[in-house]
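A quick write-up on the structure given underneath.
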Amino acid sequence: MESEGGESPSRAPVAEVFNSIRERAIAENSMVVLLQGLQGEVTTVDLRNESTARGRVVNVDAFMNVRLEDVLYRDTRGKLTKLQDLFITGRNVRYVHIPDHVDIMKTMQSQLAKIHRVRNFASLGGGRKEYAKKTK
0 MESEGGESPS RAPVAEVFNS IRERAIAENS MVVLLQGLQG EVTTVDLRNE STARGRVVNV
60 DAFMNVRLED VLYRDTRGKL TKLQDLFITG RNVRYVHIPD HVDIMKTMQS QLAKIHRVRN
120 FASLGGGRKE YAKKTK
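And the structure:
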């Protein structure tokens, strides 16, 4: 399932935003941090219905919902379809292929560092000042 017409230009990964404390906790305590580290990488996602999608990872949330762009989708009958964008719910993901050049430990450590930076942001004087606790 190689892309037709050569490689598309490399795009910078989208900045990861953790929407809730619950989502950060789930991501921090599961292997989903590895998938979140694949942003900007081209990978293949095998789905539960025996179909596959190969594309560039745009976003992965803590519930393993995956958004891909420039997708080559192969359905259960083997028919190939080229899609601009594809959203896959986490419950439909069977397997995500990790590219060979990705250092798994380094990727997980960098993603965990991002989570910890977000968690410690308020304690370092960051955040919205109008909601800061007033000390007397």
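Here numbering that gives the first Met the number 0 is used: the first residue of the sequence shown is 0, the next is one more, and so on. By construction, the Cβ of each residue, glycine as well, lies at the ideal position given by its N, Cα and C atoms. Computed from a predicted model, the values in this text were never measured in an experiment.
For residue 81, the beta-bridge partners assigned by DSSP are 71. Ranked by Cα distance from residue 94, the options 26, 39, 106 and 34 are led by 34. With a 10 Å radius around the Cβ and a threshold of 16 neighbouring Cβ atoms, residue 87 comes out buried. Taking the C-beta atoms as reference points, residue 89 is found nearer than 8 Å to residue 64.
From the listed residues 73, 114, 69 and 24, the smallest Cα separation to residue 57 is found for 69.
Under the Cβ criterion (8 Å, minimum of three pairs), the stretch 98 to 107 does not count as touching the stretch 70 to 77. The residue from 53, 105 and 66 with its alpha-carbon nearest to that of residue 41 is 53. The three-state secondary structure of residue 66, taken from DSSP, is strand.
Here the alpha carbons of residue 105 and residue 30 stand approximately 13 Å from one another. The criterion of a C-beta distance shorter than 8 Å is not satisfied by residue 55 and residue 46.
With distances taken between CA atoms, residue 60 lies nearest to 38 out of 38, 115 and 103. If you draw a straight line from the Cα of residue 21 to the Cα of residue 82, it is about 32 Å long.
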